[in-house]
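Counting in our numbering, the sequence shown runs from 55 upward without gaps.
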Amino acid sequence: MAKLGFVETARVEPDNIGLAALVIATAIVGAFQRYILAAVGEGAVFNARRSLANRLLRLSMSEFDLRRRGDLIARVSSDATLLRSVLTQGVVELAGGIVTLIGAFIAMLLLDYVLLLTAIAIVGAAVLIASIISRRLSPLTRLAQQEVGELAANLDRSLSAIRTVRASNATRRETSKIIENADLVRKLGISAGRIQAIVSSISGLTTQVAFIAILGVGGLRVAGGQLEVSTLVSFILFLFMFVMPLGRAFGIMSVVNQTLGAVSRINEVLALPAEADNDAADMAEPRAISAVAIEFVGVSFSYPRSAENADAERARSAPVVLRDVSFEVPTGKRTAIVGPSGAGKSTILALIERFYDDCDGSILMNGVDIQTVGRDKLRAQLGYVEQDAPVLAGTFRDNLLLAAPGATEADCREVMKQVNLLSIVDRAPDGLDSQVGESGVTLSGGERQRLAIARTLLSAPPILLLDESTSHLDSLNEQLMRDAIDSVAYGRTLVVIAHRLATVIDADQIIVMEEGEVAAAGTHDELIATSGLYRDLARRQLLV
Numbered sequence: 055m056a057k058l059g060f061v062e063t064a065r066v067e068p069d070n071i072g073l074a075a076l077v078i079a080t081a082i083v084g085a086f087q088r089y090i091l092a093a094v095g096e097g098a099v100f101n102a103r104r105s106l107a108n109r110l111l112r113l114s115m116s117e118f119d120l121r122r123r124g125d126l127i128a129r130v131s132s133d134a135t136l137l138r139s140v141l142t143q144g145v146v147e148l149a150g151g152i153v154t155l156i157g158a159f160i161a162m163l164l165l166d167y168v169l170l171l172t173a174i175a176i177v178g179a180a181v182l183i184a185s186i187i188s189r190r191l192s193p194l195t196r197l198a199q200q201e202v203g204e205l206a207a208n209l210d211r212s213l214s215a216i217r218t219v220r221a222s223n224a225t226r227r228e229t230s231k232i233i234e235n236a237d238l239v240r241k242l243g244i245s246a247g248r249i250q251a252i253v254s255s256i257s258g259l260t261t262q263v264a265f266i267a268i269l270g271v272g273g274l275r276v277a278g279g280q281l282e283v284s285t286l287v288s289f290i291l292f293l294f295m296f297v298m299p300l301g302r303a304f305g306i307m308s309v310v311n312q313t314l315g316a317v318s319r320i321n322e323v324l325a326l327p328a329e330a331d332n333d334a335a336d337m338a339e340p341r342a343i344s345a346v347a348i349e350f351v352g353v354s355f356s357y358p359r360s361a362e363n364a365d366a367e368r369a370r371s372a373p374v375v376l377r378d379v380s381f382e383v384p385t386g387k388r389t390a391i392v393g394p395s396g397a398g399k400s401t402i403l404a405l406i407e408r409f410y411d412d413c414d415g416s417i418l419m420n421g422v423d424i425q426t427v428g429r430d431k432l433r434a435q436l437g438y439v440e441q442d443a444p445v446l447a448g449t450f451r452d453n454l455l456l457a458a459p460g461a462t463e464a465d466c467r468e469v470m471k472q473v474n475l476l477s478i479v480d481r482a483p484d485g486l487d488s489q490v491g492e493s494g495v496t497l498s499g500g501e502r503q504r505l506a507i508a509r510t511l512l513s514a515p516p517i518l519l520l521d522e523s524t525s526h527l528d529s530l531n532e533q534l535m536r537d538a539i540d541s542v543a544y545g546r547t548l549v550v551i552a553h554r555l556a557t558v559i560d561a562d563q564i565i566v567m568e569e570g571e572v573a574a575a576g577t578h579d580e581l582i583a584t585s586g587l588y589r590d591l592a593r594r595q596l597l598v
């Protein structure tokens, strides 16, 4: 019987079950709340990074000429991350604080309005002071994020040229620069921490001052018979409930001001000029056939000196790169552009690609002004090999498919054979899927250049723009490359920039550039007879 009595007394009561269920439900709701806030925070960061990525990859080329790559990357990484804190920590504390604040305010108003006015005066003064101090966080955070961007830019600069840095015994100096940036970020962080500490102290001080003031004023009112002691005690209890969210509000204030600094840097990038809509409905269609593939008519161009150079007055003060340039590129023919360094040769190709639009004069493709053709449609007609022959980190296949995503395995192997790279692919452990390293570091300069040319040849556009396409090649590979270009050039228009005249003496037309102007044009034999500059260039290269 004793045993049965024990079992009876140990039986779980319904109230206990309800309490346990309430505790479990509270935990589940709390976990769900934290999950939702985390999802919202990550969603905000993702949206910011998506917008930044869309804008950065579409910025006008002049912006890339004037800004540091590492700083732009920092906007996507560190700046966007700060949005998470204001949407997770800030929202939770603000929501809970507002509910508690409103409830305590109503209760205090019902108890005694004189004491409430006293509390509001003290709390209002504290909020005003904290707001003024917290405003310094936004510029501090912005400056700190700028320094983080500078740190990333300096690190990117050193790592991208690590072999040159070490060969120049500059490792210590480059490290010192990066450490200086990091130290400045540390100092700015300490300054921000000092402000946050002051704001946090104001919160604690406000609680104590409000308690003492209410105790004093309330004591006088109790002594004068205007207030009951029980009411004063109740008011003080609600006072703590009223002041308690104040610390949360000050914390939120600091977080928001920090986030504002990062948001301003994000908005700065989003406000930068981007390339116009590539395929607007009112854009003209490029013509497929014309006697003249490309025509320059009185083209003048200057690179901007700074980001503020968008206005006409500053643009006129920039150095002129091209001056009243006019020439024609016949369809299906090979046109070479030669001349001393700095004559504006590469700029001509950049303008054809519409990397820059702010030029005087007109550039026509098959009789249509390229300014009226959508960039995507225009560039689909062009194959462009840059002077430095960039190779993307990834595999051989990744590089080849960049301009021709639909190319087959056979197509890739054929074009690699044409540029004399197939043997390297066959020796690689994973063939076309072998990694080429960051910027193609596992390849030689000539191999990188040939891979860049193969990438362009694979897309087989009607017009090929080749900027110093054989400058890094030895004589054997140069001849192989010329043969490969000849094999795909049939029926296509070629515009070739070259320093070595031997590679272009058989061109249908050679345009000689000097100090941004067309000095002469004609065939090799014609220019030898009529152009002193071309004759001098040929003589220096032992061609005459």
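Where a beta carbon is used, it is the ideal one built from N, C-alpha and C, also for glycine. Nothing here was measured: the structure is a model prediction, and the numbers come from that model.
Taking residue i and residue j to be in contact with their CB atoms under 8 Å, please state how far apart those CB atoms are, rounded to whole angstroms.
i: Leu612; j: Val177; result: The structure shown has nothing for residue 612, since the chain only spans 55 to 598.
i: Leu286; j: Val297; result: Not confirmed; about 16 Å, so no contact.
i: Glu568; j: Gly393; result: 6 Å
i: Ser416; j: Val351; result: 4 Å
i: Ala198; j: Leu136; result: With a Cβ gap of about 10 Å, Ala198 and Leu136 do not count as contacting.
i: Leu454; j: Arg509; result: 6 Å
i: Leu405; j: Cys413; result: 6 Å
i: Pro327; j: Ser114; result: 5 Å
i: Ile517; j: Gly437; result: 7 Å
i: Val549; j: Ser380; result: Val549 to Ser380, Cβ: 15 Å. No contact.
Give the range of the alpha helix (DSSP H) segment to which residue i is assigned.
i: Gly586; result: Gly586 to Arg594
i: Ser477; result: Leu476 to Arg481
i: Ser416; result: Not the alpha helix (DSSP H): Ser416 falls in the beta strand (DSSP E), residues Asp414 to Met419.
i: Asp465; result: Glu463 to Gln472
i: Gly178; result: Tyr167 to Ser188
i: Leu511; result: Gly499 to Ser513
i: Leu436; result: Careful: Leu436 lies outside any alpha helix (DSSP H), inside the beta strand (DSSP E) at Leu436 to Val439.
i: Val202; result: Leu191 to Ser214
i: Leu638; result: Given that the chain is displayed from residue 55 to residue 598, the structure contains no residue 638 and the question cannot be resolved.
i: Val601; result: There is no way to answer for residue 601, as the model of the chain reaches only from 55 to 598.
Which stretch, first to last residue, makes up the beta strand (DSSP E) that contains residue i?
i: Phe355; result: Val346 to Ser356
i: Ser380; result: Val374 to Pro384
i: Glu568; result: Gln563 to Glu568
i: Ala575; result: Glu571 to Gly576
i: Thr389; result: Arg388 to Val392
i: Asp521; result: Ile517 to Asp521
Would residue i pass as a contact of residue j if the rule is Cβ separation under 8 Å?
i: Gln595; j: Ala556; result: yes
i: Leu520; j: Val439; result: yes
i: Thr426; j: Gln489; result: no
i: Ile232; j: Ser212; result: yes
i: Thr584; j: Ile564; result: no
i: Ser513; j: Ala464; result: no
i: Gln435; j: Pro515; result: yes
i: Thr401; j: Val346; result: no
i: Leu456; j: Arg109; result: no
i: Gly272; j: Leu169; result: yes
i: Arg502; j: Val445; result: yes
i: Arg451; j: Leu475; result: no
i: Ala224; j: Arg122; result: no
i: Ser188; j: Val263; result: no
Pick from the options: whose alpha carbon is nearest that of residue i?
i: Leu591; options: Thr577, Val566 and Gly576; result: Val566
i: Met295; options: Tyr410, Thr385, Asp378 and Ala161; result: Ala161
i: Asp442; options: Leu418, Gly494, Glu407 and Ile233; result: Gly494
i: Ser257; options: Asn208, Leu213 and Ile183; result: Ile183
i: Ile356; options: Ala345, Ser344, Arg377 and Glu349; result: In the sequence as presented, Ile is not what sits at residue 356; that position holds Ser. Ser356 has its Cα closest to that of Arg377, out of Ala345, Ser344, Arg377 and Glu349.
i: Asp125; options: Glu322, Leu205 and Ser105; result: Leu205
i: Ser318; options: Glu282, Arg240, Ser192 and Ser284; result: Ser192
i: Leu511; options: Gly500, Ala461 and His553; result: Ala461
i: Phe265; options: Ala93, Leu293, Glu501 and Thr195; result: Leu293
i: Ser105; options: Asn321, Gly421 and Gly500; result: Asn321
i: Thr261; options: Arg240, Leu291, Arg388 and Asp484; result: Leu291
i: Gln533; options: Arg554, Arg546, Gly157 and Thr154; result: Arg554
i: Asp119; options: Ala98, Gly485, Phe409 and Arg433; result: Phe409
Say whether chain B places a C-beta atom closer than 8 Å to the C-beta of residue i.
i: Ile268; result: Chain labels in this structure do not include chain B; a single protein chain is all it has.
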